[in-house]
Every structure is written in C-alpha cells, then in structure tokens.
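One structure is given here, and the rest of the page talks about it.
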Amino acid sequence: MIENQQRSYSKSKRIKNILKDVFTNPYNIIVFISLVFLTYLIIVPLISMITSTFQVAQGELRRIPGSQVGDFTLYYWQRLLASEFSMSTLYKPLLNSLLIGVCVSVFSITLGSGLAWFMVRTDLPFKKFFSFAVIIPYMIPSWCKSMAWLTVFRNERVGGSAGFLSGIGINTPDWLAYGPFAIICVLTVHYYAYSYLLTSSALRSINSELEEMGEIQGAGKATILRKITLPLVMPAILSSVILTFSKSIGTFGVPAFLGMKINYYTISTMLYSNIKQQNTSLGFAISIILITIAAMTVYINQKIIGTRKSYETIGGKGGRSTPLRLGKWRGLFTALITAFIGLAVIMPIAILFLETFLKKTGDYSLSNFTLHYWIGASDPAIAEGEAGVLRNARFWTNVKNTMILVVVTSVIATIIGQILGYISSRGRKKVSGKLIEQLVFIPYLIPSIAFSAIYLSMFSTRHGIVPALYGSMALMVVVSVVKHIPFASRAGTSNMIQIGTELEEAANIEGASFMKRMLKVVLPLSKGGFISGLMLIFISIMKELDLIILIITPKLATLPYMAFQYSNNNNNQMSDVVAVIMFSIVLVIYLITNKVSGADISSSM
Amino acid sequence: MLKKNIVAMGLIFMLVTSLAGCGGKDKNTKTSDSSNDSIKQEMSDEDAETLYQQAIKEGGKLNVYSISSRMPKAAESFMEKYPEIKVEVYDLKQNEVLEKISREYKADIHTCDVAHLKDEDGSVWNEYVKNNILKIYYPKDICENIDSSYLETGMPLYTEMYFWYYNTEVYDKAPIDSWWDLTREEWRGKLITRNPQDDSTYMALFTNLWLASDELEASYKEEFGEDLVLSKGCKNAAEEFMYRFCNNDLIYAASSDEICEAVGTKGQDSAPIGLAASSKMRKVESDGYVMNTIENIKPFIGNLQINYLYTVDKSEHESAAKLFVRWLMGEKDGKGKGFEPFNTLGGWALRKDVETLEGNTPLTDINYVRYKADEVYNAYVNVEDFWISLQK
Chain A
1 MIENQQRSYS
11 KSKRIKNILK
21 DVFTNPYNII
31 VFISLVFLTY
41 LIIVPLISMI
51 TSTFQVAQGE
61 LRRIPGSQVG
71 DFTLYYWQRL
81 LASEFSMSTL
91 YKPLLNSLLI
101 GVCVSVFSIT
111 LGSGLAWFMV
121 RTDLPFKKFF
131 SFAVIIPYMI
141 PSWCKSMAWL
151 TVFRNERVGG
161 SAGFLSGIGI
171 NTPDWLAYGP
181 FAIICVLTVH
191 YYAYSYLLTS
201 SALRSINSEL
211 EEMGEIQGAG
221 KATILRKITL
231 PLVMPAILSS
241 VILTFSKSIG
251 TFGVPAFLGM
261 KINYYTISTM
271 LYSNIKQQNT
281 SLGFAISIIL
291 ITIAAMTVYI
301 NQKIIGTRKS
311 YETIGGKGGR
321 STPLRLGKWR
331 GLFTALITAF
341 IGLAVIMPIA
351 ILFLETFLKK
361 TGDYSLSNFT
371 LHYWIGASDP
381 AIAEGEAGVL
391 RNARFWTNVK
401 NTMILVVVTS
411 VIATIIGQIL
421 GYISSRGRKK
431 VSGKLIEQLV
441 FIPYLIPSIA
451 FSAIYLSMFS
461 TRHGIVPALY
471 GSMALMVVVS
481 VVKHIPFASR
491 AGTSNMIQIG
501 TELEEAANIE
511 GASFMKRMLK
521 VVLPLSKGGF
531 ISGLMLIFIS
541 IMKELDLIIL
551 IITPKLATLP
561 YMAFQYSNNN
571 NNQMSDVVAV
581 IMFSIVLVIY
591 LITNKVSGAD
601 ISSSM
Chain B
1 MLKKNIVAMG
11 LIFMLVTSLA
21 GCGGKDKNTK
31 TSDSSNDSIK
41 QEMSDEDAET
51 LYQQAIKEGG
61 KLNVYSISSR
71 MPKAAESFME
81 KYPEIKVEVY
91 DLKQNEVLEK
101 ISREYKADIH
111 TCDVAHLKDE
121 DGSVWNEYVK
131 NNILKIYYPK
141 DICENIDSSY
151 LETGMPLYTE
161 MYFWYYNTEV
171 YDKAPIDSWW
181 DLTREEWRGK
191 LITRNPQDDS
201 TYMALFTNLW
211 LASDELEASY
221 KEEFGEDLVL
231 SKGCKNAAEE
241 FMYRFCNNDL
251 IYAASSDEIC
261 EAVGTKGQDS
271 APIGLAASSK
281 MRKVESDGYV
291 MNTIENIKPF
301 IGNLQINYLY
311 TVDKSEHESA
321 AKLFVRWLMG
331 EKDGKGKGFE
341 PFNTLGGWAL
351 RKDVETLEGN
361 TPLTDINYVR
371 YKADEVYNAY
381 VNVEDFWISL
391 QK
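Protein chains in written order, with UniProt numbering: chain A, 1 to 605; chain B, 1 to 392.
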C-alpha cells in the first residue's frame with residue numbers, strides 16, 4: 001500500500017515535471033500555436049467538406065426520392081465507389097492520374113536534380129545563363145506550354161491549323177499529340193522547377209570535402225554521386241517527390257487541355273468537371289480521395305526519412321566546393337541543355353509573345369502585326385472597341401493589387417513554412433512533427449475553388465475572435481497563404497533538416513534564448529532555402545485565379561483576373577498581353593532577388 | 001506559461017465551436033417539386049425616375065454578379081445616365097456566381113443586388129428562384145413587348161443558341177440537316193464538341209432531345225426510310241441517338257473558342273464540324289475564320305440559351321437593382337444604351353420592339369424548342385446518368 005502510494009507520488013511528480021517541460025519548452029509552444037492555426041485553417045474546412053459529402057444537396061432531390069436537403073446520405077460515396085458509374089468516374093481516371101503522377105515525378109526529379117547537379121557541382125560553361133533559364137518554364141502558365149506542345153505536335157484529328165510537324169509532312173500519331181504522353185511531358189517541364197530549386201540549394205550546402213574524401217578512398221565519380229552526394233540531398237529530393245506527385249495528380253489545366261480531346265480523364269479533371277457542374281458534393285468526395293493519396297505519400301516519405309540517420313550538411317565549419325570537371329562530356333551536355341532551353345523555355349514564350357502582336361490570330365503576314373492590344377486607343381473595328389491593355393483604366397490598380405497580394409503572401413507563407421519546417425524536422429521522430437507534416441499538406445489537394453468557397457463562409461461574418469474579413473485583401477492573403485503552406489513548409493523542412501542540431505545546442509549551452517537561436521543561428525543558415533521557397537510561392541501566387549475568384553471584389557482585382565476577363569470577352573490577344581506582363585514581373589523580381597541575395601538561388605559557387 | 005496555454009486551448013475550442021455554425025445546411029429550403037405559387041409574374045409599374053430617387057435614398061450603390069465581361073460596359077453607360085449610383089460588377093463564371101450567392105446568403109451577407117445568369121438546365125429556377133434566394137423583377141412597360149413564354153422563369157436579357165458550325169472553304173453548304181447525320185460513318189472522328197459531362201449547356205441540349213424523343217424517332221424514319229431499332233440499354237430514340245453519336249469517335253474540346261478554331265481556321269483540307277455557342281460567329285470577323293452556322297437541322301436546332309436577370313432576396317439596393325434591370329433591357333422604349341453591349345452577332349434580343357441585329361437570322365426563322373425549365377430540370381439527371389454510362 002505504502003509502496004503503491006510512493007509509486008503514485010513519484011509518478012505524479014514525474015508527470016508534473018513532464019508537463020512543466022512540455023509547457024515551458026519553446027518548441028512545444030510553437031507546435032501548439034501552429035496546431036491551433038492549422039486546426040482552424042485546415043481541419044475546419046476539411047471537416048466542412050467531409051460533412052457535405054454525407055448530406056443531401058438540393059440538386060440530388062431529383063436522384064434520391066423522398067429526401068430532404070441536408071439529410072444524411074451515403075449516396076455520393078456509393079455512387080463514387082460502388083455503382084455502375086464508378087469505373088468511368090473514379091477508378092479509370094484514378095489509374096490515369098497515378099500513372100501520370102509517378103511518371104512526372106520520376107522524370108522531373110531526374111531532370112530537376114540532374115540540372116541542379118550540373119549547375120552547382122560541375123564546370124559547365126554559361127552557368128549563369130543556364131541556371132537562370134532553367135527556372136523560367138515554371139513562370140510560364142501551364143496552358144501556354146500545352147499550346148506550344150500542340151503548335152508542334154498537333155495533327156489533323158482536331159482540325160484547325162496544322163502543327164509544325166504536320167505542316168512539314170510528318171503526321172504525328174494521336175498518342176504523341178494528345179493524352180498521357182503529352183501530359184507527362186508538359187507537366188514534367190512545368191514541375192521540374194521544384195526539384196531543381198530544392199535540390200540545388202541542398203547541393204550548395206554540401207561541403208565538397210565529403211566527396212573528396214570518397215575520391216581519396218578511390219571511389220569513382222559514379223560511386224561518389226550514388227553513395228555520397230545522392231544520400232545527402234535525399235531530403236530535398238523526397239520533398240520534391242511529394243510536391244511533384246501531389247501537384248501532378250491534382251492539377252487541372254494541362255490534363256484538361258491535352259487529355260479531354262481524346263476522352264482521357266484524370267481524377268483532377270473529373271473533380272473540376274463535377275464542381276463546375278455544381279455537383280459539389282461529388283467533387284468534394286473525389287477531392288477527399290486525392291487528399292488520402294497524398295497523405296499516404298507523405299506517410300511513406302516519413303517512413304523513409306525516419307529510418308535513416310541524418311542528413312545534416314550545414315555544419316559550423318566553412319565549406320568549400322570544387323566544381324567537378326566534365327572533361328570531354330562538357331560540349332555534349334552544353335548542347336543538350338541548350339537544346340532543352342530552346343524547346344521548353346524560349347519556344348513557349350516566343351509563341352505567347354508573338355500572339356500579342358497579331359491583329360488576327362493565325363495570320364503571320366507583316367501587315368497583320370499591330371501594337372493595338374498593348375497600347376492602341378479604342379477602335380470600334382478591333383476587339384469591339386476595347387482599348388489596349390496599358391490604356392485600361394484598371395490596369396495599374398490591378399498591378400498594384402497583384403503586387404501587394406503576391407509580396408505579402410509569399411513573405412508570410414515562407415516564414416510560416418520555415419517555422420513549420422523547423423517543427424517537422426526537429427520533431428521528425430515525434431508525433432507533433434509527423435502530425436504537422438501531414439496537416440500542412442491537406443490544402444494542396446483541396447481544389448482551389450472549393451477552398452475559397454469554404455473560406456468565404458468561414459470569414460464572412462465574425463466567428464468568436466475571428467474577425468469578418470469579407471471583401472478585404474486580408475482574406476485573399478489568408479487563403480493564398482494557407483493554400484501555399486504545403487509548398488512553403490516542404491521547402492522549410494528540406495532546408496531545416498540540413499541544419500545540424502549541434503549548432504543550436506551549442507548556442508543553447510552558451511545561454512542563447514530560443515528566439516536568439518532562431519534569429520542568429522537557424523535563420524541565417526537557412527537563407528538559401530528560404531529564398532528559393534519564397535520564389536516558388538511568389539511565382540505560384542502570381543498566376544493564381546481560381547483560389548481567389550470567389551473572394552475578389554472589383555476593386556481588389558488582380559492581373560490573372562484581368563486576363564480571365566479579357567479571354568472571357570473573346571479578346572485572347574489582350575489576355576496574352578496580360579500573361580506576358582505577369583511573366584515579365586515575375587522575371588524581373590526573380591532577377592532582382594537573385595542579384596540581391598547573391599549566389600543563393602541559381603548562380604553557382 | 002501554463003495559464004497562457006489554457007487560454008489558448010479555450011480559444012481553439014471557441015473557434016471550432018463557433019465554426020460549427022457555418023458548415024451546416026439550411027433545413028428549411030424547399031424541395032424542387034414544391035408548389036411555386038409564391039412566384040407569380042407580378043408586373044411592377046414603377047417608372048425610372050421614381051426608382052432613381054429611391055435608389056439614391058438607399059445609398060446610391062449597386063453590386064452586379066454577372067457571367068458576362070460585357071456587363072462593365074453596360075454599367076458605365078448606366079452611371080453616365082444615373083450618376084448618383086455607383087455600380088460594381090463582379091465578373092464570374094456561372095457556378096461561381098451561384099456558389100458565391102448561396103454562401104453569402106447563408107452567412108446573411110447581401111452584397112449582390114442583380115445577378116445575370118443562364119439557366120438552360122433549370123437549376124437556377126428550381127434551386128434558387130423557388131427557394132426565394134433569387135427574385136424576378138418584371139417591369140410592366142418592358143414586359144409588354146416580350147412574348148410571355150420567355151417570361152416564365154426569369155427576366156430575359158437576351159438569348160444565345162448552340163449551333164453546329166462548318167468550314168465554308170471545305171463545304172459549299174451545310175453538310176448535315178438532321179441530328180441523325182451525326183451518327184453516320186462519314187462523320188466518324190470529325191465531330192468536335194464539348195463533353196456534355198463537363199458542360200451542362202451541352203447536357204441540357206441533349207436533355208431537350210431526350211424530351212422530344214418521339215420527334216427524333218420520326219426524323220430517323222425520314223432520314224433513313226426505316227423504323228428505328230433500339231440497341232440494348234437504350235430506352236428511347238434519344239438514347240439510341242446519344243449511344244450512336246457517342247460512339248462516332250467524338251473529339252472533345254475545352255471551349256467553344258477551341259471548337260470554332262478547329263472548324264473555322266483557313267486553309268484546311270478537311271475540317272470537322274463543331275457544336276458551339278452562337279456568339280462565336282463574331283470570330284469570323286475578329287479571327288478571320290471561314291465558318292458558318294447550320295441553321296436547319298431536324299427535328300430542331302436545340303434550345304434557346306436565355307440569359308436571365310434576377311434581383312436578390314434581402315438586397316439592400318432594391319430600387320437601384322430594378323433600375324439597372326430596366327437599363328439593361330434598354331429601358332421603356334428598348335433604345336436605351338444598356339442593351340447595346342449585349343446586342344451582338346449570335347445574340348438575340350427577345351423584345352419585339354428591338355430589331356434583330358444585321359447578320360443574325362431572325363429567331364422566327366430558326367427551328368428551336370421552347371424552354372421548359374421544370375421538365376428539363378427533372379429529366380436532366382437521367383440524361384446525365386445515361387451519358388456517363390456510355391463512357392467506357
């Protein structure tokens with residue numbers, strides 16, 4: 001009995017100590033605050049989505065006789081998972097998506113990290129130009145690239161003007177022009193930027209002494225690459241895998257443009273189609289399946305990383321990097337990369353740019369060239385009297401709105417991302433780290449339009465301490481930040497995982513507070529990853545429309561909204577002008593960031 | 001520190017519970033087949049000046065949610081005529097307008113005053129008007145000039161249609177004259193359309209064919225000189241048509257623009273024919289396309305795609321909304337500038353006192369079916385399910 005009492009006493013004391021530790025540890029406080037925010041901003045929308053897949057919507061009263069709006073129902077899940085429609089609306093598109101997801105991941109990781117390795121570790125010539133050019137495809141809207149693809153490979157099937165190859169007498173087969181192959185190629189070119197940026201910042205942080213040691217031990221170049229370099233950049237690569245895989249199964253534009261023509265559906269095109277048809281609940285159910293798949297990839301990733309020891313490459317010592325000599329291969333690789341840039345970078349931009357000067361599309365005679373869509377005054381004979389884009393009274397307001405949204409969002413999202421990344425990396429073996437890593441991923445796969453619809457409800461009126469943000473820029477920022485947190489925190493995680501905990505521990509021993517440790521040790525070391533994360537988000541938000549369309553007001557209109565309005569009104573050239581302007585802004589900002597932050601993003605050591 | 005965390009815990013709890021309120025659905029929305037006695041065609045005879053004065057008193061503001069990028073132009077001319085009212089136009093897609101309105105309505109926010117929408121599948125009428133979220137304003141003096149059949153389920157701004165287009169360089173004249181032509185082998189792989197599964201406009205067109213299955217059966221006999229034999233799984237002539245059409249190697253496009261590009265681009269040896277919005281006739285001028293519409297198809301071309309105007313329940317600027325509806329309709333005499341942006345090639349005014357634009361075939365010469373909001377709405381899901389079951 002006494003013994004028992006003692007045990008329980010010591011037990012309670014222990015619990016008390018544990019609790020004390022839990023609540024005074026700054027790490028736990030950060031975790032706690034993050035969980036509060038993530039719960040409100042991610043779990044609540046998710047629950048609202050899940051709930052609506054079990055409730056009868058008004059439109060379904062036709063299909064479920066005798067029911068009332070809001071009644072509990074399994075109709076949507078039954079229709080999706082086990083009905084005569086399941087094969088065509090779920091399983092087949094799902095298989096297509098998985099195929100695309102796996103292929104795009106494999107190709108873009110190979111391409112992206114391969115390019116990163118060339119830019120960072122070798123003596124490739126014109127590195128400055130190359131490393132700048134290879135990031136451009138990500139800045140170009142994906143529909144532009146789909147269009148460029150068709151400009152080359154389009155065959156007779158679809159009609160219209162013949163593609164380049166058909167034009168010179170080579171009739172391209174359907175499988176090349178449309179469908180999975182085309183989608184995989186275009187998406188790879190769009191998404192390799194993730195692995196390029198993440199891997200190159202990881203590579204840059206590796207001290208080449210590690211590789212040289214291998215060389216001294218007599219290992220060949222291939223062995224060094226495989227046994228030393230690759231394992232060191234593995235966290236960055238795995239992060240890219242998750243981003244690329246989830247994004248390519250979740251993206252809509254390219255699969256719609258290149259797949260639907262031959263009735264090739266992916267789960268994302270099916271999802272958007274349902275939402276557009278006001279079959280919202282069915283769309284939500286599909287989206288939940290997507291989220292589940294992504295959660296599994298994150299889980300597998302955690303398993304892989306969890307079983308390995310450590311990837312810390314940013315130690316306290318100064319590193320140096322000696323570029324690897326390519327020798328006789330130098331010319332060949334230079335030529336290959338040049339060709340790639342010509343096809344994937346210059347061609348889509350050239351096509352887009354050219355379109356903006358054509359009075360009538362498709363007519364390339366000199367007399368058809370005009371600056372009207374840029375600067376022309378209103379002329380009733382062209383575009384129903386619409387004046388050029390730069391003369392549009394709303395243009396500068398839209399530029400201003402876009403800049404505010406993009407800058408504020410990307411800075412906030414990146415900072416939050418680094419913090420969450422810190423949690424996930426430091427808590428890699430803890431439940432908290434794993435939980436947050438899973439949580440932050442959810443917004444990635446909630447379709448943008450659904451996401452903003454739910455936020456519209458959540459922030460329309462005051463809920464407790466959450467203010468009403470209806471009709472404000474703040475709401476646009478909140479939505480954009482949360483939607484891009486997966487990005488940001490992936491960049492943050494792969495960044496933080498490399499920073500050795502000993503550095504922090506050393507500072508801790510010296511008596512530096514948590515804040516000081518963060519500001520003086522962690523942040524300076526993570527600058528590289530911070531800026532590449534920032535750029536990824538910046539570029540992505542720049543192009544965002546679906547996400548904010550429901551919460552935008554005319555006064556807060558942005559450039560993508562303007563482009564949408566033009567194309568909606570049949571003024572495709574003006575829409576292209578806006579696209580070119582958006583691209584130019586991104587490009588300029590990118591160049592400035594590059595200059596200011598020195599070698600961090602793209603130029604080599 | 002501990003205290004802080006308890007406070008924070010409490011906050012989370014508050015957040016979550018306060019939010020529970022915004023996820024739920026309205027229990028008191030009516031079912032689609034409930035009576036619609038409350039929605040009568042009540043004509044209002046307020047004149048513009050009275051409305052204007054009231055609108056100024058209501059704050060001189062107006063918010064319009066529209067599916068057309070031409071709406072800002074109409075708003076500009078409105079503000080010239082009625083300078084005391086400030087109009088904001090939200091340019092959105094159909095599903096976005098509806099999602100936004102219903103979310104805001106549930107949250108008791110009443111930003112939208114006028115909504116401009118299409119309703120070819122009857123869902124706006126059945127899900128929004130019958131539930132009193134959207135209302136219809138019928139100005140008496142204007143409605144007198146509109147055939148009452150167009151006034152049943154909304155205030156009709158103008159109408160569009162969906163036509164089959166053909167390339168005028170490849171074909172001298174319209175290459176088809178019956179829906180059944182589209183099932184012939186010669187059109188295999190040469191028909192470009194949106195997938196009805198992705199676009200309710202197309203599904204609604206098939207629903208109209210489905211509702212007119214008997215006529216379709218008769219025109220089969222006329223076309224082929226024999227009785228139609230139904231394939232396994234097809235319950236009527238319309239389903240048989242969809243089955244054969246769907247299996248004729250269709251090309252699906254992402255938009256009417258893309259369809260017209262495929263059909264109308266100059267210099268093609270063989271071009272597909274494509275089903276697209278009538279408003280794309282403008283592309284002949286703007287993009288130099290060589291194409292024309294096929295305006296005579298048996299048993300009928302299709303249905304009208306009427307663009308409707310609605311006012312919104314609990315709107316704070318009701319008078320301004322009414323005034324704006326009047327403005328868009330061209331005001332009392334139909335000559336007001338508000339209608340001009342919508343009076344274009346491929347769009348038809350439904351007012352008798354507004355002349356059909358040059359280049360448009362008069363509506364009276366086009367063989368279309370009347371719009372039956374309830375019938376289409378109820379049959380729509382059957383047609384949708386049938387179509388999806390055809391996808392392999």
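All C-beta atoms in this analysis are idealised placements derived from N, C-alpha and C, irrespective of residue type, glycine included.
Since the structure is predicted, the reported quantities are computational estimates derived from the model, not experimental observations.
Inter-residue distance for residue 259/B and residue 275/B is about 7 Å (C-alpha atoms, whole angstroms).
In the three-state DSSP reduction, residue 172/B falls in the coil class, being neither helix nor strand. For residue 80/B, the nearest beta carbon of chain A is not closer than 8 Å to its own beta carbon.
Contact between the segment 368 to 379 of chain B and the segment 108 to 127 of chain B is present: three or more C-beta pairs spanning the two stretches fall below 8 Å. Sequence-distant Cβ neighbours of residue 359/A in its own chain, meaning closer than 6 Å and more than five residues away, are 368, 370.
For a cut-off of 8 Å, the C-beta gap from residue 301/A to residue 242/A is around 6 Å, short enough to register as a contact. For the options 107/B, 338/B, 252/B, 213/B, the alpha carbon positioned closest to that of residue 239/B is the one of 213/B. Counting every other CB atom within 10 Å of its CB across the protein chains shown gives residue 213/A a total below 16, marking it as exposed. Under DSSP, residue 372/A shares a beta bridge with no residue. The segment 179 to 190 of chain A makes contact with the segment 257 to 274 of chain A; the number of CB pairs closer than 8 Å reaches 3 or more.
At the C-beta level, residue 436/A and residue 425/A stay beyond 8 Å of one another. Per the Cβ contact rule, the segment 157 to 166 of chain B is in contact with the segment 289 to 302 of chain B (3 or more Cβ pairs under 8 Å). Close to residue 268/B, with beta-carbon spacing below 9 Å, are these residues of chain A in chain order: 156, 159, 160, 161, 162. For residue 357/A, no CB of chain B lies under 8 Å from its own CB, so it is not counted at the interface with that chain.
Of all residues in the segment 275 to 291 of chain A, the ones placed with a Cβ closer than 8 Å to any Cβ belonging to chain B are 275, 276, 277, 278, 280, in chain order. Apart from sequence neighbours up to five positions away, the residues of its chain that approach residue 111/B with a beta-carbon distance below 8 Å are 63, 104, ordered along the chain. The beta-carbon distance between residue 324/B and residue 114/B, rounded to whole angstroms, is 5 Å. This is short enough to meet the 8 Å contact definition. Under a 10 Å Cβ-count criterion, residue 329/B is classified as buried, with 16 or more other Cβ atoms of the shown protein chains found around its own Cβ. Residue 22/A and residue 86/A have their alpha carbons spaced roughly 48 Å apart. When DSSP states are grouped into helix, strand and coil, residue 391/A belongs to the helix group. Counted as a single uninterrupted DSSP element, the alpha helix (DSSP H) harbouring residue 492/A occupies residues 473 to 496. Collapsing the DSSP output to three states places residue 398/A in a helix. Check the Cα spacing between residue 188/A and each of 345/A, 298/A, 129/A: the tightest is with 345/A. Here residue 294/B is bridged, per DSSP, to 164/B.
In the structure shown, residue 261/B adopts helical secondary structure according to DSSP, grouped into three states. Here residue 156/B carries a strand assignment [DSSP, helix/strand/coil]. By the Cβ criterion, the segment 385 to 397 of chain A is not in contact with the segment 517 to 529 of chain A, since fewer than three pairs of Cβ atoms, one from each stretch, lie closer than 8 Å. For residue 550/A, at least one C-beta of chain B is nearer than 8 Å to its own C-beta.
The distance from the Cβ of residue 163/A to that of residue 262/B is about 13 Å, inconsistent with a contact at the 8 Å cut-off. Around residue 189/B, the beta-carbon contacts reaching into chain A at under 8 Å are 157.
Cβ-Cβ separation between residue 143/A and residue 250/A: approximately 16 Å, too far for a contact (criterion under 8 Å). Spanning the alpha carbons of residue 224/A and residue 568/A requires a straight line of approximately 54 Å. Assignment of beta-bridge partners to residue 348/B by DSSP yields 159/B. Taking C-alpha positions only, residue 356/B is separated from residue 156/B by approximately 15 Å.
The three-state reading of DSSP puts residue 91/B in strand, counting E and B together. Leaving aside the five residues that flank residue 198/B on each side, none in its chain has a CB nearer than 7 Å to its CB.
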